[in-house]
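Trainee: Take a look at this one; I'll ask things after.
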Amino acid sequence: AQTVTQSQPEMSVQEAETVTLSCTYDTSENNYYLFWYKQPPSRQMILVIRQEAYKQQNATENRFSVNFQKAAKSFSLKISDSQLGDTAMYFCAFRSYYGQNFVFGPGTRLSVLP
Amino acid sequence: DAGITQSPRYKITETGRQVTLMCHQTWSHSYMFWYRQDLGHGLRLIYYSAAADITDKGEVPDGYVVSRSKTENFPLTLESATRSQTSVYFCASNKGDGYGYTFGSGTRLTVV
């Protein structure tokens with residue numbers, strides 16, 4: 024069974040600075056998908072970014088980018104120019120290529136400080 | 009664009025009572041899921057459904073029952089609520105492709 028680990032339960036960053044959230048996962052599969060979800064205080068789950076394991080290029084969405092290291096089974100999220108609205112829980116998630124179920128990590132609570 | 013609607017948003021119930029959480033989606037997505045969110049565990053899969061009348065267990069199914077008679081609805085029933093079922097419950101749906109889930113806004117359930 025796949026597992027997802029987020030080793031940083033809480034982090035903080037100053038507004039406008041850059042922060043990186045860590046995620047590692049364990050799988051024996053070669054093809055799969057990885058995701059980062061954001062959960063602000065409103066409780067809504069919001070998709071931040073998605074990576075396909077068979078693509079070498081790291082995904083980027085505006086201020087959000089990932090560092091995908093397939094051999095190391097690492098999938099970190101970098102947030103540039105942090106904004107107060109980035110304050111949230113961030114969940115890393117794994118999805119098998121042939122399955123539909125997600126496996127989520129325990130989450131990292133990020134606080135952006137003014 | 010209604011998306012996924014969960015109800016109620018908050019619920020308090022007593023130990024031993026039956027309670028049903030509702031989930032309705034408007035996109036005709038094939039797949040629907042129920043997750044529970046607990047501190048330190050992230051989200052854990054309770055049950056999922058690939059289509060109407062097809063359901064399967066996830067990681068933590070004990071004490072829960074689901075049904076899916078129509079594509080758009082996927083209710084979750086706690087047959088006899090226990091305090092350990094106090095949690096935030098999320099419903100989600102997916103077309104069955106490689107993209108992410110669409111989540112409902114969650115139900116915070118407290119069992120006293």
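Protein chains in written order, with the numbering used here: chain A, 24 to 137; chain B, 9 to 120.
Virtual Cβ for every residue (Gly too), placed ideally from N, Cα, C.
Taking B:MET40 and B:PHE82 to be in contact with their CB atoms under 8 Å, please state how far apart those CB atoms are, rounded to whole angstroms.
Mentor: 4 Å
Trainee: For chain A, find out if any of its Cβ atoms is closer than 9 Å to the Cβ of B:LEU29; answer yes or no.
Mentor: no
Trainee: In terms of residue numbering, what span does the beta strand (DSSP E) encompassing A:SER45 cover?
Mentor: According to the DSSP assignment, A:SER45 belongs to no beta strand (DSSP E), since it is labelled neither H nor E.
Trainee: In this structure, what does DSSP give as the bridge partners for B:HIS8?
Mentor: In the structure displayed, chain B extends from 9 to 120; residue 8 of chain B sits before or after that span and is not available.
Trainee: Name the two residues that bound the continuous beta strand (DSSP E) containing B:ARG116.
Mentor: 115-119
Trainee: Tell me whether B:SER92 sits in a helix, a strand or coil according to DSSP, three-state version.
Mentor: helix
Trainee: Output yes if chain B places a C-beta closer than 9 Å to the C-beta of A:GLN106; else output no.
Mentor: no
Trainee: How long is the line joining the alpha carbons of A:TRP114 and B:THR13, rounded to whole angstroms?
Mentor: A small correction: the amino acid at residue 114 of chain A is Phe; Trp does not occupy that position in the sequence shown. Near 22 Å, if we compare the C-alpha coordinates of B:THR13 and A:PHE114.
Trainee: Quick check on A:ILE102: buried or exposed, where buried means 16 or more other Cβ atoms within 10 Å of its Cβ?
Mentor: buried
Trainee: In whole angstroms, what is the alpha-carbon distance linking A:TYR120 and A:ASN54?
Mentor: 6 Å
Trainee: Could you tell me whether the region 102-120 of chain B touches the region 37-55 of chain B, using the rule of 3 or more Cβ pairs below 8 Å?
Mentor: yes
Trainee: Under a three-way DSSP split, which group does A:ASP109 fall into?
Mentor: helix
Trainee: Taking beta-carbon pairs under 7 Å, can you tell me which members of the region 101-134 of chain A lie near chain B?
Mentor: Those residues of the region 101-134 of chain A that come within reach of chain B (Cβ to Cβ, closer than 7 Å) are PHE114, GLN123, ASN124, PHE125, PHE127, GLY128, PRO129, GLY130.
Trainee: Tell me whether A:LYS78 sits in a helix, a strand or coil according to DSSP, three-state version.
Mentor: coil
Trainee: Report the neighbours of A:LEU70 on chain B: residues whose CB is nearer than 7 Å to its CB, in chain order.
Mentor: GLY108
Trainee: For the region 19-46 of chain B, which residues have a beta carbon sitting closer than 9 Å to at least one beta carbon of chain A?
Mentor: Under the 9 Å Cβ criterion, the region 19-46 of chain B contributes SER38, TYR39, PHE41, TYR43, GLN45.
Trainee: Take the Cβ of B:SER57 as the centre, count every other Cβ of all protein chains shown within 10 Å, and call the residue buried at 16 or more, exposed below.
Mentor: buried
Trainee: Expressed to the nearest angstrom, what Euclidean distance is found between the alpha-carbon atoms of A:PRO137 and B:TYR55?
Mentor: 41 Å
Trainee: Please compile the residues from chain A whose C-beta is within a distance smaller than 7 Å of the C-beta of B:GLY11.
Mentor: Those within 7 Å of B:GLY11 in chain A number zero; the least Cβ separation is about 11 Å.
Trainee: Pull up the DSSP beta-bridge partners for A:MET34, would you.
Mentor: A:LEU133
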